[in-house]
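Okay, so here's the structure we're looking at.
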Amino acid sequence: MSIQSIVRKLLIAASTIAVGLSLTTLEASAQSAADRAVEAAKKYSGTTLNVLYEAGLQPLDPKNFTGPLWEKLTGIKINVIEAPIDQLFTKTMQAHKAGSGSYDVLNVLPNQMPDLALAGALEPLDKFVDKYGYREELQKIAPVYRDNQMKVEGVIYGLPDDGDVLIMYYNRAIFDDAKNKAGFKAKHGYDLAPPKTWKEFSEIGQYLTDTLAPKVYGAGLFRQPGLAQFMFQERFRVAGGKFFDADTMKATINSEAGISVFKGMVEDNKYMPPGVEQWGFIEPFSAFLAGDIAMTISWPPVGRWAAGYGKGTEALNWIPETKIADKVGYALPPGGTPELAAGFSFGVASGSKNKEAAYLFSQWMNSEEISLKRVQLPYALRDPFRTSHFSNPEYRSRWSNAGDYLDVLKAGAETGLLDLSLLQTDRYEEAMRQAISRLWAQEDPKEILDDLAGQWDKLTKRIGLEKQKRVYNDWANKPNAYPK
Amino acid sequence: MPNLKIDNVNKFYGDVHAVKDLSIDVPAGEFVVLVGPSGCGKSTLLRSIAGLEEISDGDIVLGDRSIANLAPRDRNIAMVFQSYALYPYLSVYENIAFGLRARKASDDEIKKQVDWASELLDIGDYLKRFPRELSGGQRQRVAIGRAIVRNADLFLFDEPLSNLDAKLRDGMREEIKRLHTKLGKTFVYVTHDQIEAMTLADRIVLLRDGVIEQIGAPLDLFERPKNIFVAGFLGSPPMNFMDVDVTEHGTSMALPDGQILSLAGTKISGKIKDGAYTWGVRSEHLSKITETKNTVRAVIDVLQPTGSRTYGTFFLGDCHVVSELEAHDVSKEGEILHLAVAIDRTSFFDPETGSAINS
Amino acid sequence: MITSNSFADKLDQERWFKYFLIAPAVFIILLIGLYPFVKLILVSFQNITMFDNELSYQGFIHYERLFDDDRLWESILHTIIFTAVALPIELILGFLLALLFLERIPYKQVFVGIILLPTVISPIVAGATWKLMFDQRFGPINQVIAWFAGHEVKLLWNIEPALVWPAIMVAEVWQWTPFMFLILLAALSNVDREQLEAAQIDGASWWMTFRKIVLPAIMPVMFIALLIRGLDLFRVFDVVWTMTKGGPGTMTETISIYAYHMAFREFDVSYSAAIAFLIILILTVIVVAALRRMEVSR
Amino acid sequence: MKQWDQGARLWARVFCAMIVTLFFVFPIYWLGAISFKTAEEIFAYPPVWIPANFNFHNYFVLFRDGEAWSIWNSFVTASISTLFAMFFGTIAAYSLVRYKTGGNHLGIWIISQRMIPPICVVFPVFLLFVAWDIVDTYTGLIVLYTAFNLPYVIWMMRGYIQEIPLELEQSALVDGLTRWAVLWKVVMPMAKSGLFATAVFTFIFAWNDFLFALILSRSDVVTFPVKVTGYFGAQSSLWSKVGALSMLGVLPMIFVVGTMQRFIVRGISMGAVKG
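Residue numbers (our numbering), protein chains in the order written: chain A, 7 to 490; chain Z, 69 to 427; chain W, 3 to 300; chain U, -12 to 262.
Given below as structure tokens:
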């Protein structure tokens, strides 16, 4: 207890210093995008902005760090409103439908952006971007996020603010072990190294499980349908699959690629720990930190936390203690095109009574200098998303191989695959989630995928085939919709 | 102290005509008992006086003001209920004080009145108790106490004794009568029990189906009932009725089983036309005698000794007759007795209309 | 005759007083109960969706959609099966418990009090509790099963189609069996002792006594308990929401969850209004039929 | 011999009763245990059955971070709405009972209002509240819970008032009380235990509500059930907070079953069983 309280006091002291430091840097660099936002926002001093955030760790940033700082700089109060992630869309739309203007700044999941934009819930931001000269800095956001989480049909609706990407993490102690290396090479004829294809992934996983289980298993991955569908989307496209036929808009999810991926996913479970079918975010994460699995694929925070970054922070006390702090290896998942699963953009609610201030706050948060601090908050869930974040020397020195970490994130930010994004994407995803739970229930992959394709076609028909086709092709023609 | 005048009161419940054109004058200080079988309208009438029911037509006048359209609280009357209606969450003292508090009496005044009432009713010892800690009789006194402290113009009693057991009832009856004497107020009292009516009333109002059957002093009604209903209602055991044929110019009559009784020498002799009558005889007017002349011969069917008296039941034809005999007049069922009839104290009724034949 | 004119006097007259007393309650109920109902019907004939806000009369388009909506009928089927399974289980368990506690047991009130606790806690808390209980790794259920099985078990209560319904069912039965128990206990305690003794003297068998005396005596109360619980089960939301949110897929989606989904996730407002109207219609039919039966059996 | 037999049966019954009670209480014990566990204990395998320390840290965190405020929100909305519902409901019930206002139909109509599932009306209610600008306010939830619980209060109080002897009221009328005074000085004291029991249940219904609170709150008046579900987030299941906040929500109910047992059966059976 006493040690904890000392740690906490230290943390409070540290953050106070951090605020002080940032103030000085702001004053030093004249007329950055952040400064312009602050200058322009001063005329709204005394008002309050309601900012909708995902409940949990995310809001700690605006509550403890950026919110108070912004208020100090501009006199605008930040009122953080939290909602569980599955309520963000509901709360946003609810406020929009009711015209209640409950929120000013929104956190928008990229694949929900088309719905929200077309329903009129989001304010187009181009006019503000131009007015406050933000276009240049916006361009410096890592390409995939910039190109794909910002616009709907050519109009800017969000400032991409989170470098979410599913990266592979492996336990170097196991991969570097001479015995493992020799044994693996003897069996498969190539070196034991982070797998480049799913075939390799399976072979390595199987081999490690065969030799080390039950102490260590080869791999553990997301298997809860909500998360596993991200992995499916990625692997499906890596295997050459396309979601729809671009001309007829018929679902092609039940292609050979789909069926083989589904079969592969079931096969892979065999060398993963028992019960893996239920694994969501926490389970592979804690198993990896405990050294129980050799490989996993997850969001960037796992890579930081596994290395011990943020250890001792009270907000992170639910994280199991890492036993592999200096042994974490980072790589792109098989195929080299990681899924950009979810992520957040800042948006401005069309019903906001204070859109300009809401935009300015978003610009300030999103700007080079402020975002750099935000992605380094130990408890932050915002992951590096600007080219400058990846190359920042301070961040690269945070732990022994933080450089590797940022390099992999950078690579992911170039090749990453977009989440499928359509009108009412959620309905398509829902069907996909359902298909995956049937998969775990040992049903026949082909049958499941045929049904899924049927459901998708029905949905498309209901929503309007032409309308949906336009949105799909708009999405599919983005550089990172499918691997090159 | 005002008189109560009930003037052509009617009360309808939907289609049911519960009280029909009823008028009664109650002089100040009188003890009037409304009696009758259930459903006769006596309670309705009482509750109308209290203001708990709205009358449909007519007027109720207390002194010189009509109270028919006043709220109960504006009528200045007090009422004692069948279930006593004590407030279980209030002490005896507060129960008695309730009406005074409702009228915003001062604490001193309340104390004075409650002390007076509790002494009068002999409940001073348990003023601090709660109703649930009292016996039935004690509760009854409290209920009465609550009524009398108010110095009301009129006291209403709605079957106040019917929830008590027989012994207590006798005692309370006496006390209520004594209370009336002491207070000298007007009492209107409802009961279905003819003994209460007889014992308490200055005047009885006997009701049936919303209509007054007879009104008068208790003994008047008892001895000179206007009709079969009144005759049958008062008295216990009830009056025996049998169909008789009067013959020989009103000097002789045939009982249902054919026995002949001579009317000669009685008040009625010769004053009654020959024909069929309903004859009413109270059981105490049949007495055992040794001689057999002009008597009723009875074969005793059931014997019910009560200690001081013995009831002997017998049949005359189809008619069931109860006679009230000395304790040892009969020793066993099946005995044959000769009973003398006090014919002067019996009543003759028109079998069609039921009205008494005035001799 | 004295006539009273002041407002206070008027109020004190029966005919005004009774309306004065009931008016606020009726007003509030009309406002929050009836208004939304009317609005609901209105909206179901318009076309308000996530993208459209068409307020003109559209006819029965949304009602027609109801028939073509497999997911809706599946959710109704789920709801019916859920009700049809949970209700008898709760009834039978509750009855057995009531029989047990009908006899003399020391500290009976303490036992009964503890057993009652689940019924008065929030269904959300009940759902959360069982979600924790059923966790395949950190929850105690699999652990207990492992003791009996003699080896480690990894039953996936939140995902395996064969287990996810039973898990919800356990939570529901756990929370509401005490309800049945308490009501039946009270009803059984009120069965006329003398009738039972008379039956004993007449030499009636246990079964006959139960059928001819006990059952008729507790029937009216049991019927109401079943009705209350049946309606609750039919609109079950909280427990399912906490434990599975209707998942995996739509496997545990009940009618209320689906209605929520269409209204607050898809914002298919008009269609969800049609669904709501359908639910109210079904419930009305059930309740009217049930009350009829109750009156008949009286 | 027979003596022994009876003794054995008693013990068998007690044993059964204990097993059953264990089944019903264990999940709540588990919840409580989690609320006292450290993070390591919560995520330990095999599970820790009894936390090593009676550790209030998880509660402390709730209060420190202001999240326990949701309990206060629940309390304010539930208790104030209970007061309103009890007041309007009781006088309405009195009118129904004593004056047969609206005949039988009005009573049936009122109770049928309770049958409507919340999900069916919550959207229009939401729009209505937006129009009145009372979304995410105490006023909003209080109005809603008052309305939602009124039918229950009326129904229950109807039963309790029917049991009050009419003569008590008439006696008071004759003694000089106005009708309004009779209601306050006679009916209310007479229905005291019924009022209390009904109020407790009304409170429980509002306290336990989830759906209305979910839709009609945003940040200021989030009640504890809404908060609890929010902890099952995507990236961190805050089990310690789920445990601690849920226990705070359960505590009043422990008090209820501890003190109010004899009223419960009538309360939950909507008056069908008179306890």
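Even glycine gets a Cβ: it sits at the ideal position worked out from N, Cα and C. This one's a predicted model, so the numbers in the text were calculated from it and none came from an experiment.
- From the listed residues Z:Val409, Z:Ser304, Z:Asp342, Z:Thr319, the smallest Cα separation to Lys356 (chain Z) is found for Z:Val409.
- Every alpha helix (DSSP H) stretch that sits fully inside the stretch 72 to 137 of chain A and reaches 4 residues is listed by chain position as 73 to 80, 91 to 104, 119 to 124, 132 to 137.
- For Arg377 (chain Z), the pairing in a beta bridge is given by DSSP as Z:Glu394.
- Where Val213 (chain U) is concerned, the enclosing alpha helix (DSSP H) starts and stops at 211 to 217.
- The CB of Thr8 (chain U) comes closer than 8 Å to the CB of Phe113, Ile116, Ile117 in chain W, given here in chain order.
- Taking 8 Å as the upper bound for CB-CB distance, Gly62 (chain A) and Ser358 (chain A) are not in contact here, some 24 Å apart.
- By the Cβ neighbour-count rule, Val354 (chain A) is buried, with 16 or more other Cβ atoms within 10 Å of its own.
- Annotated three-state conformation of His388 (chain Z) is strand, per DSSP.
- By the rule that beta-carbons nearer than 7 Å mark a contact, Pro176 (chain U) touches chain Z.
- The beta carbon of Thr328 (chain A) is closer than 6 Å to those of Leu295, Ala312, Gly314 in its chain, skipping five residues each way along the sequence.
- Boundaries of the alpha helix (DSSP H) around Gln177 (chain W): 163 to 191.
- Minimum Cα-Cα distance from Met245 (chain W) among the listed residues W:Val290, W:Trp159, W:Met221 corresponds to W:Trp159.
- Near chain A, meaning a CB-to-CB distance below 9 Å, no residue of the stretch 178 to 197 of chain U qualifies.
- About 6 Å separates the beta carbons of Phe391 (chain A) and Ala148 (chain A), which is inside the 8 Å limit, making them a contact pair.
- Glu60 (chain A): member of the beta strand (DSSP E) spanning 54 to 60, first to last residue.
- For Gly213 (chain Z), the closest Cβ of chain U is not nearer than 7 Å.
- In this structure, the alpha-carbon of Gly127 (chain U) lies about 26 Å from that of Ile255 (chain U).
- Minimum Cα-Cα distance from Ala179 (chain A) among the listed residues A:Ala104, A:Phe236, A:Ile330, A:Gly318 corresponds to A:Ile330.
- Using a Cβ-Cβ cut-off of 7 Å, Gln138 (chain W) does not count as an interface residue toward chain U, since no Cβ of chain U sits closer than that to its own.
- Here Thr249 (chain Z) is exposed: its Cβ has fewer than 16 other Cβ atoms, across all protein chains shown, within 10 Å.
- For the stretch 137 to 168 of chain Z, the set of positions with a beta-carbon nearer than 9 Å to some beta-carbon of chain U reads Ala139, Pro140, Arg141, Asp142, Arg143, Asn144, Ile145, Ala146, Met147, Val148, Phe149, Gln150, Ser151, Tyr152, Ala153, Leu154, Tyr155, Pro156, Tyr157, Leu158, Phe166, Gly167, Leu168 in chain order.
- Residue contact check for Ala(-1) (chain U) against chain W: no CB pair falls below 7 Å.
- When C-alpha distances from His388 (chain Z) are compared across Z:Leu331, Z:Val273, Z:Pro305, the shortest belongs to Z:Pro305.
- Here DSSP, grouped into helix, strand and coil, assigns Glu403 (chain Z) to coil.
- In the DSSP assignment, Leu295 (chain A) falls within the unbroken alpha helix (DSSP H) covering 288 to 295.
- Check the Cα spacing between Tyr65 (chain W) and each of W:Ala275, W:Ile288, W:Val290, W:Ile282: the tightest is with W:Ala275.
- Ile411 (chain Z) has its alpha-carbon roughly 44 Å from the corresponding atom of Ala118 (chain Z).
- Taking the CA atoms as reference points, Leu113 (chain Z) sits about 21 Å from Leu289 (chain Z).
- Lys179 (chain U) is classed as exposed because its beta carbon has fewer than 16 other beta carbons within 10 Å across all chains shown.
- Near chain Z, meaning a CB-to-CB distance below 8 Å, no residue of the stretch 72 to 96 of chain U qualifies.
- Leu70 (chain U) places its beta carbon 7 Å or farther from that of Ile30 (chain W).
- In the structure shown, Val222 (chain A) falls within a coil segment according to DSSP collapsed to helix, strand and coil.
- Rounded to the nearest whole angstrom, the C-alpha separation of Pro105 (chain U) and Phe199 (chain U) is 7 Å.
- Ala227 (chain W) sits close to Met182 (chain W), with the two beta carbons spaced by under 7 Å.
- In this structure, Z:Thr414 is the residue among Z:Val367, Z:Ser106, Z:Thr414 with its C-alpha nearest to the C-alpha of Phe309 (chain Z).
- In chain order, Lys73 place their CB closer than 6 Å to the CB of Asp93 (chain Z), counting only its own chain and leaving out the 5 sequence neighbours on each side.
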